[in-house]
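Below is one structure, written out as structure tokens; the observations come after it.
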Ligand code: SF4
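Residue numbers (this note's numbering): 15 to 469.
Laid out in structure tokens, this is it:
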């Protein structure tokens, strides 16, 4: 639970009465209040004792700590979550989707999985959706085989890894191959903990702690924290989907509602081990996206299962307070030519998606101009003054579509036919054509309209 400013001030120098102003605040109390709201940092006060600093750092840390797996632009951040329910505010860091590769799989299967993770990318409303981790799994009993797998993944991708091995020596020799990529080491258990600690300290990297139950996780995370190993991921050892749902929910509630620090870490879930077939595995993964896994490990992926899962993840981890929107510019739908239709819509992601899909369905390559309208639909944007004739006219002038077509006919949504006159004044060279009211009408409207442009 967040610490209050009035509690922070008691820990400041001279119990908050020093008031030297060196932090840039007029009093220790003002500094404490700002600190409590996240508006400044402890480093600003040079007089904090090491003990007070450590205590306050701990008290001010987020309820669920952040963990970083991987490096560079492929680093996956998980944790830092602040709410139980998405509608309370927003979920923050979407879970990493990891693909399991066992060292018992054939050369061809391994190659195919690496190819899939690299190639299965889906453009979606201006974003690229993809799975983001690989999970090499020591299953063969042959340590050099596992090391060869990790090396192969390391050399052929830039992705972060979840290293899975019950054999501690194999786990750390694999860690040494890819230590610069900050792999997640799994599992740290009560059986291997003390032996693992000195090896972890040689090259610290995130750790996934596994126990037989939530209660058994607590002494493990407490012990690791004593050793200042605090970038942790929790596996409560759930044996089936129902247990998984219960455990994930319990951990989230304990961390956020009770402020229980030993469970204040992101979690990992293994649909690959608890589901009996591929359909149930994807269904389990979709459940863990909602409730509340930080990493989800799958045994395999294909286009038809991964794409909906990634869209689902995007939807759950999009801030509900901010409408989803696409960038203002003209988009090419298909391969348009200088005789192709030009249409305009607002930048609400759903508007863009529905209109572009309708154009694709009509099989008429077109230019679709998207007007920035703060993520509002066309009619709402017009009512809010963000889809006026003047502003749409200005977009057509500046977006460059005039250089791409030789005709001057612009199709506007039928719902905002009322901007036609204003738009004709803003674009005197253009003929303004009122299109269908509903995007579903585009399929019938566009082919004859496009045929006329060619005559
Ligand atoms: Fe108080 Fe520290 Fe700020 Fe000085 S620098 S006013 S001691 S919080």
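A virtual CB, placed ideally from N, CA and C, is assigned to each residue, including glycine.
Near ligand 1: residue i beta-carbon under 7 Å from a heavy atom
i           : result
residue 64  : no
residue 39  : yes
residue 70  : no
residue 45  : yes
residue 56  : no
residue 99  : no
residue 344 : no
residue 27  : yes
residue 32  : yes
residue 35  : yes
residue 59  : yes
residue 42  : yes
Cα-Cα separation between residue i and residue j, rounded to whole angstroms
i           : j           : result
residue 157 : residue 184 : 6 Å
residue 128 : residue 112 : 12 Å
residue 305 : residue 293 : 18 Å
residue 134 : residue 327 : 16 Å
residue 29  : residue 37  : 16 Å
residue 46  : residue 165 : 49 Å
residue 150 : residue 162 : 10 Å
residue 386 : residue 421 : 24 Å
residue 275 : residue 199 : 21 Å
residue 235 : residue 277 : 8 Å
residue 411 : residue 91  : 41 Å
residue 403 : residue 417 : 21 Å
residue 321 : residue 315 : 9 Å
residue 48  : residue 35  : 14 Å
residue 145 : residue 172 : 13 Å
residue 438 : residue 444 : 7 Å
residue 188 : residue 121 : 19 Å
residue 317 : residue 408 : 40 Å
residue 462 : residue 369 : 17 Å
residue 43  : residue 31  : 8 Å
residue 269 : residue 414 : 51 Å
residue 334 : residue 109 : 17 Å
residue 353 : residue 55  : 58 Å
residue 469 : residue 329 : 44 Å
residue 441 : residue 137 : 33 Å
residue 216 : residue 307 : 28 Å
residue 466 : residue 419 : 14 Å
residue 33  : residue 40  : 7 Å
Limits of the beta strand (DSSP E) - the one that residue i falls within
i           : result
residue 473 : Nothing in the structure corresponds to residue 473, since the chain is present only between 15 and 469.
residue 475 : No statement about residue 475 is possible, as the shown extent of the chain runs from 15 to 469 and does not include it.
residue 200 : 198-202
residue 171 : Counting along the chain, residue 171 falls outside any beta strand (DSSP E), and DSSP gives it neither H nor E.
residue 463 : Unbroken run through residue 463 is the alpha helix (DSSP H), 456-467; no beta strand (DSSP E).
residue 306 : Taken as a continuous stretch (DSSP letters only), residue 306 belongs to no beta strand (DSSP E), as it is neither H nor E.
residue 192 : Run containing residue 192: none; DSSP gives neither H nor E here.
residue 135 : 135-138
residue 249 : 246-249
Residue i CB to nearest heavy atom of ligand 3 below 7 Å
i          : result
residue 74 : With respect to ligand 3, the structure shown offers nothing to examine, as its ligands consist of ligand 1.
Sequence-distant residues of the same chain with beta carbon closer than 6 Å to residue i, five excluded per side
i           : result
residue 97  : 103
residue 252 : 258 and 261
residue 19  : 46, 47 and 50
residue 25  : 66 and 70
residue 298 : 255, 285 and 289
residue 232 : 276
residue 324 : 143
residue 89  : 82
Limits of the unbroken alpha helix (DSSP H) element including residue i
i           : result
residue 413 : 403-413
residue 316 : Counting along the chain, residue 316 falls outside any alpha helix (DSSP H), and DSSP gives it neither H nor E.
residue 144 : Here residue 144 belongs to no alpha helix (DSSP H); instead the beta strand (DSSP E) covers 141-144.
residue 435 : 434-440
residue 233 : 228-240
8 Å Cβ shell around residue i - same chain, five flanking residues per side excluded
i           : result
residue 238 : 202, 207, 211, 221, 223, 244 and 246
residue 139 : 338, 340, 363, 366 and 367
residue 106 : 94, 95, 96 and 331
residue 79  : 93, 94, 244, 245, 246, 278, 279 and 280
Neighbourhood of residue i by C-beta, 7 Å cutoff - its chain only, sequence neighbours within 5 removed
i           : result
residue 114 : 149, 151, 286, 311, 312 and 313
residue 192 : 164, 168 and 175
residue 295 : 285, 286, 289, 312 and 313
residue 392 : 359, 360, 365, 401, 427, 429 and 430
residue 73  : 17
residue 459 : 449 and 450
residue 118 : 153 and 154
residue 23  : 30, 42, 43 and 46
- Inspect the CB distances between the region 172-191 and the region 200-215 and report whether three or more fall short of 8 Å. Judged by Cβ distances under 8 Å, the region 172-191 makes contact with the region 200-215, as three or more pairs qualify.
- Query: Is it true that the region 377-388 meets the region 356-363, where meeting means three or more beta-carbon pairs spaced less than 8 Å apart?
  - Reply: Enough Cβ pairs lie closer than 8 Å, so yes.
- Query: Does the count of Cβ pairs from the region 447-462 and the region 420-429 closer than 8 Å reach three?
  - Reply: Yes: at least three Cβ pairs fall under 8 Å.
- Inter-stretch contact at 8 Å, needing at least 3 Cβ pairs: the region 243-253 / the region 218-234: Counting Cβ pairs under 8 Å, three or more are found: they touch.
- Decide yes or no for the touch test of the region 335-349 against the region 358-377: beta carbon pairs closer than 8 Å, at least 3 of them. The answer is yes - the region 358-377 touches the region 335-349, with three or more Cβ pairs under 8 Å.
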